[in-house]
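A.B. asks: Protein chains in written order, with the numbering used here: chain F, 431 to 733; chain R, 431 to 733; chain E, 431 to 733; chain B, 431 to 733. All C-beta atoms in this analysis are idealised placements derived from N, C-alpha and C, irrespective of residue type, glycine included. All of these numbers come straight from a predicted model, not from anything done at the bench.
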C-alpha cells in the first residue's frame with residue numbers, strides 16, 4: 431500500500447485520516463494543533479513537524495482546510511514559505527478535500543500542472559458522521575488519470591465518488607448542489623407552512639408532495655417540519671445535522687461562483703439572504719432545516 | 431352501476447367522462463359547446479340541455495370548469511339562476527375536479543353542507559395525456575365518507591387518489607405542490623446553468639445532483655436543460671407538457687391562498703414573478719421548463 | 431354648508447369627522463360603538479341609529495371602514511339588509527376613505543352608477559396625526575365632476591388632494607405608492623447596513639445617498655437607522671409611526687391587485703414576504719422602519 | 431500649480447485629464463493606446479512611455495482603470511514589474527478614480543501606507559457627459575489630510591465631492607448608492623406598470639408618487655416609463671444614459687462587498703439577477719431604465 435500525507439486533522443480530517451490507516455495506508459499527518467496529531471499517532475499514524483515535512487516523499491497528499499486562502503498558501507509558494515508543490519516528489523497525487531471557491535481550486539491545479547503534478551479538488555458531503563463511518567460522498571474535479579489514481583484512497587474514506595469534470599469542477603458541482611439544496615429546504619418549508627396555515631396536516635401534505643411533482647430530497651430524508659419524520663433534526667429541536675453557518679458559507683461560495691461566471695441565480699441569492707438573516711438571529715449553530723421557523727408561528731388571519 | 435352527471439367537457443373533461451362510460455357508469459353530460467356533447471353522445475353518453483338537467487337524478491355529479499367563479503355560480507344559486515345544490519336529489523355526491531381557489535371550494539362545500547350534501551374538491555394533475563389514459567392524480571378535500579363514496583368514480587378516471595383533508599384541502603394541497611414544483615424548476619435551471627457557465631457537462635452535473643441532496647422531481651423526470659433527457663419537453667424545443675400559462679395560473683392561486691392565510695412564500699412569490707415575465711415575453715404556450723432559457727445564453731465572463 | 435353623513439368613527443374617522451364639523455358642515459354620524467358617536471355628539475354632531483339612518487337626506491356620505499367586505503356590504507344591498515345606495519337621495523355624493531382592494535371599490539362604484547350616483551374612492555395617508563391636524567393626503571378615483579364636488583369636504587380634512595383617475599384609481603394609486611414605499615424602506619435598510627458592516631458612518635452614508643441617485647423619501651424623512659435623524663421612529667425604538675401590521679395589510683392589497691391585473695412585482699412580493707416574517711417575529715405593532723433590524727446585528731465576518 | 435500624472439485615458443479618463451489641463455495643472459499622461467495620449471498631447475499634456483514614467487516626480491497621481499486587478503497590479507509590485515508606490519516621490523498623493531471592489535482599494539491603500547504614502551479611492555458618477563462638463567460626483571475614502579490635499583484636483587474635474595470615510599469607504603459608499611439605485615429603478619418600474627395594468631395614466635401616477643412616500647430619484651430625474659418625462663433615455667428608446675452592462679458590473683461589486691462583510695441584501699441580490707437576465711436578452715448596451723420593459727407588454731388579464 432502507498433503512503434499518504436494527511437494535512438488538517440479537524441472534526442472531518444481526523445476521522446478521514448483514521449479510515450486511511452484502517453484501510454492499510456501508511457499515513458503521515460500534520461496539523462497546527464499537536465493534540466490532533468497525537469490522537470492519530472496513537473492509532474498508528476506517523477507525525478511530521480510541518481506540512482511540507484509530511485508531504486515530502488508521500489505517494490498521495492490529502493488536505494482538509496477551512497478556506498481557499500489556506501489551500502492556496504499551503505500548496506503554492508508565497509513570500510514567506512515554500513508550497514507543497516515545491517517539495518513533493520514527482521508523481522505525487524495531490525487531493526484537496528476542503529470546500530473552497532472554484533477559483534482557488536483552479537489556481538492550485540494550474541500551479542501543480544506547471545510542475546507536472548496532478549491535483550484533484552474533492553470536496554465532501556456527509557458531515558462528521560459520514561467521515562467517521564467512511565461513507566462520505568466525494569465530488570471530484572481533475573483529469574481522468576488522476577481520478578483513477580485516487581480511487582483507493584477515496585474509497586477508504588467514502589461511499590459515493592463522483593467525477594464532475596476537470597480542475598475546479600468538483601467545487602462547482604458541490605456548490606451547485608448545495609445551493610439547490612438550500613432552495614429545496616426553504617421552498618419545502620414555505621409550502622408545508624402554507625398548507626398548515628390552511629388547516630392541513632403536514633404529515634399528509636408531505637406524503638402527497640413526496641410522490642408528486644413537488645418531490646425532493648428534503649421530503650424524502652430531511653423534513654423540516656417538526657414531528658413529521660423521526661430521527662431528523664426538525665424532530666429534535668433542530669440539533670445536530672448541517673449547521674446554518676455552514677450553509678451560509680456554502681451559499682457565499684455559490685454567489686462568489688455566480689459572480690465569477692456572470693450567472694444569474696435568483697433563488698440561490700434569495701436563499702442566501704434568508705439564511706444570513708436567520709443566522710444573525712442566533713440560529714447559526716442549529717440545523718439548516720430550522721429555516722422552517724421563519725415561516726411558522728403564523729396565526730391564521732382571515733380577511 | 432350508478433349514474434354520473436358530467437359537466438364541462440373540455441380537453442380534460444371530455445376524456446375523463448369517456449373513461450367513466452368505459453368503466454360502466456351511466457353518464458349524462460352537459461357542456462355549453464354542443465359539439466363537445468355530441469362527441470360523448472357517440473360514445474354512449476346521454477345529453478342534457480342544461481347543467482341542472484344533467485344533475486337532476488344523478489347519483490354523482492362531476493364538474494370540470496375553468497375558474498372559481500364558474501364553480502361558485504354553477505353550484506350555488508344567484509340572482510339569475512338556481513344552483514346545482516338546489517336541484518340534485520338528496521344523497522347525491524358532488525365532485526368538483528376544477529383547479530380553483532380554496533376559498534371558492536370551501537364556499538361551495540359549506541352551501542352543500544347546508545343542504546345536507548357531500549362535496550369533494552378533487553383537482554387533478556397529469557394533463558390531457560393522463561386524462562385520456564385514465565391515470566390522473568386526484569388530490570381530494572372532503573369528509574371520509576364522501577371520499578369513500580367517490581372511490582369508484584375517481585378510480586375510473588385516475589391512478590393515484592389522495593385524501594388531503596377536509597373541504598378545500600384538495601385545492602390547498604395541489605397548490606402547495608405546484609408552487610413547490612415551480613421553485614424546483616427555477617432552482618434546478620439556475621443551478622444547472624451555473625454549472626454550465628463554469629464548464630461542467632449538464633448531464634454529469636444532473637447525474638450527481640440527482641442522487642445527492644439536490645435531488646428532486648425535475649432532475650428525475652423532467653430535466654429543463656435540452657438534451658440531458660430524452661422524451662421530455664426540453665429536448666423537443668419545449669413543446670408539449672405543462673404550459674407556462676397554466677403554471678402562471680397555479681402560481682396566482684398559490685399567492686391568493688398565501689394572502690388569505692397570511693402566509694409568507696418568498697420563493698413561490700419570486701417564481702410567480704419570473705414566470706409572469708417569461709409568459710409576457712411570448713412563452714405562455716411553451717412548456718414550463720422553458721424557464722431554463724431565462725438563465726442560459728450566458729457568455730462566460732471572467733473577471 | 432351642506433350636510434355630511436360620516437360612518438366609521440375609529441382612530442382615523444373620529445378626528446376626520448371632527449374637522450368637518452369645525453369647517454362648518456352639518457355632520458350626522460354613525461358607528462357601531464356608541465361611545466365613539468357620543469364623543470362626536472359632544473362636539474356638535476348629530477347621531478343616527480344606523481348607517482342608513484345617517485345617510486338618508488345627506489348631501490355627502492363619507493365612510494371609513496376596515497376592509498373591502500365592509501364597504502361592499504354597507505353600500506350594496508345583500509341578503510340581510512339594504513345598502514346605502516338604496517336609501518340616499520338622488521344627487522348624494524358618496525366618498526369612501528377606507529383603504530381597500532380596488533375590485534371592491536370598482537364594484538361599489540358600478541352599483542352606485544347603476545343608480546345614477548357618483549362614488550369616489552379616496553384612501554388617505556398621513557396617519558392619526560394627519561387626521562387630527564387635517565393634513566391628510568387623499569388619492570381619489572372617480573369622475574371629474576364628482577372630484578370637483580368633493581373638494582370642500584376633502585379640503586376640510588386634508589392637505590394634498592390627488593385625482594388619480596376613474597373608479598378604483600384612488601385605491602390603485604395608493605397601493606402602488608405604498609408597495610413602492612415598502613421596497614424603498616427595505617432597500618435603504620440593507621444598503622445602510624452594508625455600509626455599516628464595512629465600517630462606514632450611517633449618517634455620512636445617508637447624507638451622500640440622499641443627494642445622489644439613491645435619494646428617496648425614506649432618506650429624506652424617515653431614516654430607518656437609529657440615531658441618524660431626530661424625531662423619527664427609528665430614533666425612538668421604532669415606536670409610533672406606521673405599524674408593520676398596516677404595511678402587511680397594504681402589501682397584501684398590492685399583491686391582490688397584482689394578481690388581478692396579471693402584473694409581475696418581484697420587489698413588492700419580496701417586501702411582503704419579509705414584512706410578514708417580521709410581523710410573525712413579534713414586530714407587528716412597531717413602526718415599519720424596524721425592518722432595519724432584520725439586517726443589523728451583523729458581526730463583521732471577514733474571509 | 432502642481433503636476434498631475436494621469437493614467438488611463440478612456441471615455442472617462444480622457445476628458446477628466448483635459449479638465450485638469452484647463453484648470454492649469456501640468457498634466458503628464460499615460461495610456462496603453464498611443465492615440466489616446468496623442469489627443470491629450472494636442473491639448474497640452476506631456477506624455478510618458480510607461481505608467482511609472484508618468485508618475486515619477488508628480489505631485490499627484492490620478493488613475494482611471496477598468497477593474498480591481500488592474501489597480502492592484504499597477505500600484506503594487508508583483509512578479510513582473512515595479513508598482514507605482516515604489517517609484518513615486520515621497521509626499522505624492524495617489525488618487526484612484528476607478529470603480530472597483532473595496533478590498534482592492536484597501537489593499538492598495540495599505541501598501542501605500544506602508545511606504546508612507548496617502549491613497550484616496552475616489553470613484554465617480556456622472557458618466558461621460560459629467561466627465562466632459564467637469565461636473566462629476568466624487569465619493570472619496572481616505573484620511574482627512576489626503577482628502578484636503580485632493581480638493582483642487584477633484585474640483586477641477588467635478589462638482590460634488592464627498593468624503594465617505596477611511597480607505598475603501600469611497601468604493602463602499604458608491605456601491606451602496608448604486609445598489610440602492612438599481613432597486614429604486616426596478617421597484618418604480620413594477621409599480622408604474624401595475625398602475626398602467628389597472629388603467630392608470632403613468633404621468634398622473636408618477637406625479638402622485640413623486641410627492642408622496644414613494645418619492646425617489648428615478649421619479650424626479652429618470653422616469654423609466656416612456657413619454658412620462660422628456661429628455662430621459664426612456665423617451666428615446668432607452669438610448670444613452672447608464673448602460674445595463676455597467677449596472678450589472680456595479681451590482682456584481684455590491685454582491686462581492688456583501689459576501690465580504692457577511693451582509694444580507696435581498697433586494698440588491700434580486701436586482702442583480704433581474705439585470706443579468708435582462709443583459710443576456712440583448713439589452714446590455716441600452717440604458718438601465720429599460721428594465722421597465724421586463725414588466726410592460728402586459729395584457730390585462732382579469733379573472
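Can you give the Cα-Cα distance for residue 599 of chain F and residue 676 of chain E, rounded to whole angstroms?
C.D. replies: Residue numbering aside, residue 599 of chain F sits at position 169 when the first chain is read from its first letter. Residue numbering aside, residue 676 of chain E sits at position 246 when the third chain is read from its first letter. When rounded, the distance between both Cα atoms is 49 Å.
A.B. asks: Could you tell me which residues DSSP pairs with residue 593 of chain B in its beta bridges?
C.D. replies: Position 163 of the fourth chain holds residue 593 of chain B. Paired residue(s): B/570.
A.B. asks: In this structure, how does DSSP classify residue 449 of chain E when only helix, strand and coil are distinguished?
C.D. replies: Here the question's residue 449 of chain E lines up with position 19 in the third chain. Three-state DSSP puts residue 449 of chain E in a helix.
A.B. asks: Answer yes if the stretch 673-689 of chain R comes into contact with the stretch 524-542 of chain R, meaning at least three C-beta pairs across the two stretches below 8 Å, and no otherwise.
C.D. replies: Yes, the stretch 524-542 of chain R is in contact with the stretch 673-689 of chain R.
A.B. asks: Where does residue 673 of chain F fall in DSSP's three states?
C.D. replies: Locating residue 673 of chain F in the first chain gives position 243, where the first residue counts as 1. If DSSP states are grouped into helix, strand and coil, residue 673 of chain F belongs with the strands.
A.B. asks: Output, in sequence order along the chain, the residues in the stretch 697-710 of chain B whose CB is closer than 8 Å to any CB in chain F.
C.D. replies: Those residues of the stretch 697-710 of chain B that come within reach of chain F (Cβ to Cβ, closer than 8 Å) are 699, 700, 702, 703, 704, 706, 707, 710.
A.B. asks: Alpha carbon to alpha carbon, what distance is there between residue 528 of chain F and residue 568 of chain F?
C.D. replies: In the first chain, the residue the question calls residue 568 of chain F occupies position 138. In the first chain, the residue the question calls residue 528 of chain F occupies position 98. Cα to Cα, the separation comes out at about 11 Å.
A.B. asks: Look up residue 491 of chain E in the DSSP assignment and say whether it is helix, strand or coil.
C.D. replies: As a first step, residue 491 of chain E must be located in the third chain, where it is residue number 61. Strand at residue 491 of chain E.
A.B. asks: Does DSSP classify residue 626 of chain F as helix, strand or coil?
C.D. replies: Here residue 626 of chain F refers to the residue found at position 196 of the first chain. Residue 626 of chain F: helix per DSSP, three-state reduction.
A.B. asks: Nearest to residue 697 of chain B by alpha carbon, out of B/551, B/681, B/566?
C.D. replies: The residue given as residue 697 of chain B occupies position 267 in the fourth chain. Minimum Cα distance to residue 697 of chain B is reached at B/681.
A.B. asks: Return yes when the Cβ of residue 437 of chain F is within less than 9 Å of the Cβ of residue 463 of chain F, no when it is not.
C.D. replies: As a working note, residue 463 of chain F is residue 33 in the first chain. As a working note, residue 437 of chain F is residue 7 in the first chain. Their beta carbons are not under 9 Å apart, which means residue 463 of chain F does not touch residue 437 of chain F by this criterion.
A.B. asks: Considering only the beta carbon of each residue, do residue 505 of chain R and residue 515 of chain R sit closer than 9 Å?
C.D. replies: Start at 1 with the first residue of the second chain, and residue 505 of chain R comes out as number 75. Start at 1 with the first residue of the second chain, and residue 515 of chain R comes out as number 85. In contact: residue 505 of chain R and residue 515 of chain R (Cβ atoms closer than 9 Å).
A.B. asks: Could you check how far apart the C-beta atoms of residue 519 of chain E and residue 487 of chain E are, in whole angstroms? I think they sit under 8 Å.
C.D. replies: In the third chain, residue 519 of chain E corresponds to position 89, counting from 1. In the third chain, residue 487 of chain E corresponds to position 57, counting from 1. That belief holds up - the Cβ atoms of residue 519 of chain E and residue 487 of chain E are roughly 6 Å apart, short of 8 Å.
A.B. asks: On a CA-only basis, which of B/557, B/453, B/445, B/608 is nearest residue 433 of chain B? Give me that one, please.
C.D. replies: Translated into positions along the fourth chain, residue 433 of chain B becomes position 3. Taking only the C-alpha atoms, the option nearest residue 433 of chain B is B/453.
A.B. asks: Do residue 648 of chain F and residue 615 of chain F count as a contact pair if the criterion is CB distance below 9 Å?
C.D. replies: Residue numbering aside, residue 615 of chain F sits at position 185 when the first chain is read from its first letter. Residue numbering aside, residue 648 of chain F sits at position 218 when the first chain is read from its first letter. Result yes, Cβ atoms of residue 615 of chain F and residue 648 of chain F sit closer than 9 Å.
A.B. asks: Within the same chain, show all residues whose beta-carbon is closer than 6 Å to that of residue 728 of chain F, passing over the 5 residues directly before and after it, in chain order.
C.D. replies: Numbered from its first residue, the first chain carries residue 728 of chain F at position 298. Residue placement at residue 728 of chain F is poorly supported in this model, since its pLDDT is 46, which falls under 50; the coordinates still yield a value, given next. Same-chain partners within the cutoff: 627.
A.B. asks: With C-beta atoms as the reference, is residue 602 of chain F less than 9 Å away from residue 624 of chain R?
C.D. replies: Taking the first chain and counting its residues from 1, one reaches residue 602 of chain F at position 172. Taking the second chain and counting its residues from 1, one reaches residue 624 of chain R at position 194. Yes, Cβ-Cβ distance for residue 602 of chain F and residue 624 of chain R is below 9 Å.
A.B. asks: Could you confirm whether any beta carbon from chain F is found closer than 9 Å to the beta carbon of residue 575 of chain R?
C.D. replies: Counting from 1 along the second chain, the entry for residue 575 of chain R is found at position 145. Not one chain F Cβ lies under 9 Å of residue 575 of chain R.
A.B. asks: How would you list, in chain order, the residues of chain B whose beta-carbon sits under 7 Å from the beta-carbon of residue 653 of chain E?
C.D. replies: The residue labelled residue 653 of chain E in the question sits at position 223 within the third chain. Simply none; closest approach about 13 Å.
A.B. asks: For the alpha helix (DSSP H) containing residue 524 of chain R, name the first residue and the last one.
C.D. replies: The residue you call residue 524 of chain R lines up with position 94 of the second chain. From DSSP, residue 524 of chain R is part of no alpha helix (DSSP H) but of the beta strand (DSSP E) over 523-526.
A.B. asks: Got a sec: is the Cβ-Cβ distance from residue 678 of chain F to anything in chain B below 9 Å?
C.D. replies: For the purposes of this step, residue 678 of chain F is taken as the residue at position 248 of the first chain. By this cut-off, residue 678 of chain F is an interface position.
A.B. asks: Using the three-state DSSP reduction, which class does residue 730 of chain F fall into: helix, strand or coil?
C.D. replies: Residue 730 of chain F sits at position 300 when you count from the first residue of the first chain. In this prediction, residue 730 of chain F has a pLDDT of 36, which is less than 50 and means its spatial position is unreliable; nothing more can be read from the coordinates.
A.B. asks: Give the single residue among F/502, F/662, F/630 whose Cα lies nearest to the Cα of residue 537 of chain F.
C.D. replies: For this step, residue 537 of chain F is matched to residue 107 along the first chain. Selected option, being the one with the closest Cα: F/502.
A.B. asks: Does the Cβ-Cβ distance between residue 582 of chain B and residue 570 of chain B come in under 9 Å?
C.D. replies: For the purposes of this step, residue 582 of chain B is taken as the residue at position 152 of the fourth chain. For the purposes of this step, residue 570 of chain B is taken as the residue at position 140 of the fourth chain. No.
A.B. asks: Is the number of C-beta pairs between the stretch 716-728 of chain E and the stretch 661-676 of chain E that are closer than 8 Å three or more?
C.D. replies: Short answer: they touch.
A.B. asks: Using the C-alpha atoms, what's the distance from residue 622 of chain E back to residue 722 of chain B?
C.D. replies: Indexing the fourth chain from 1 puts residue 722 of chain B at position 292. Indexing the third chain from 1 puts residue 622 of chain E at position 192. Near 25 Å, if we compare the C-alpha coordinates of residue 622 of chain E and residue 722 of chain B.
A.B. asks: If you measure between the beta carbons of residue 484 of chain R and residue 435 of chain R, is that distance less than 9 Å?
C.D. replies: As a working mapping, residue 484 of chain R is identified with position 54 in the second chain. As a working mapping, residue 435 of chain R is identified with position 5 in the second chain. In this structure, residue 435 of chain R lies closer than 9 Å to residue 484 of chain R by Cβ.
A.B. asks: Taking the alpha-carbon positions, what's the residue 451 of chain B to residue 473 of chain B distance?
C.D. replies: For the purposes of this step, residue 451 of chain B is taken as the residue at position 21 of the fourth chain. For the purposes of this step, residue 473 of chain B is taken as the residue at position 43 of the fourth chain. Spanning the two alpha carbons is a distance of roughly 8 Å.
A.B. asks: Going by DSSP, what residues sit across from residue 437 of chain B in a beta bridge?
C.D. replies: Position 7 of the fourth chain, counted from the first residue, corresponds to residue 437 of chain B. Note: residue 437 of chain B sits in a beta bridge opposite B/460, B/493.
A.B. asks: Residue 604 of chain R: buried (16+ other C-beta within 10 angstroms of its C-beta) or exposed?
C.D. replies: To locate residue 604 of chain R, count along the second chain from 1; it is residue 174. Looking at its Cβ environment, which holds 16 or more other Cβ atoms inside 10 Å, residue 604 of chain R is buried.
A.B. asks: Starting from the beta carbon of residue 682 of chain F, find every residue of chain B whose beta carbon is closer than 7 Å, and list them in chain order.
C.D. replies: Numbered from its first residue, the first chain carries residue 682 of chain F at position 252. Correct list: 689.
A.B. asks: For residue 586 of chain E, I'd like the list of residues in its chain whose CB is within less than 6 Å of its CB, leaving aside the five on either flank, ordered along the chain.
C.D. replies: Position 156 of the third chain, counted from the first residue, corresponds to residue 586 of chain E. Taken in chain order, the residues that qualify are 449, 450, 453.
A.B. asks: Locate the beta strand (DSSP E) running through residue 549 of chain B, then write down its first and last residues.
C.D. replies: Here residue 549 of chain B is taken as the residue at index 119 of the fourth chain, counted from 1. Counting along the chain, the beta strand (DSSP E) containing residue 549 of chain B begins and ends at 548-551.
A.B. asks: DSSP state of residue 717 of chain F, grouped into three classes?
C.D. replies: The residue you call residue 717 of chain F lines up with position 287 of the first chain. In this structure, residue 717 of chain F counts as strand in the three-state DSSP scheme.
A.B. asks: With DSSP run on the structure shown, which of helix, strand or coil describes residue 703 of chain B?
C.D. replies: Counted from its first residue, the fourth chain places residue 703 of chain B at position 273. The answer is helix: DSSP assigns residue 703 of chain B an H, G or I state.
A.B. asks: Taking only three categories from DSSP, how would you classify residue 653 of chain B?
C.D. replies: Sequence index remark: in the fourth chain, residue 653 of chain B carries index 223 (1-based). It is coil, neither helix nor strand.
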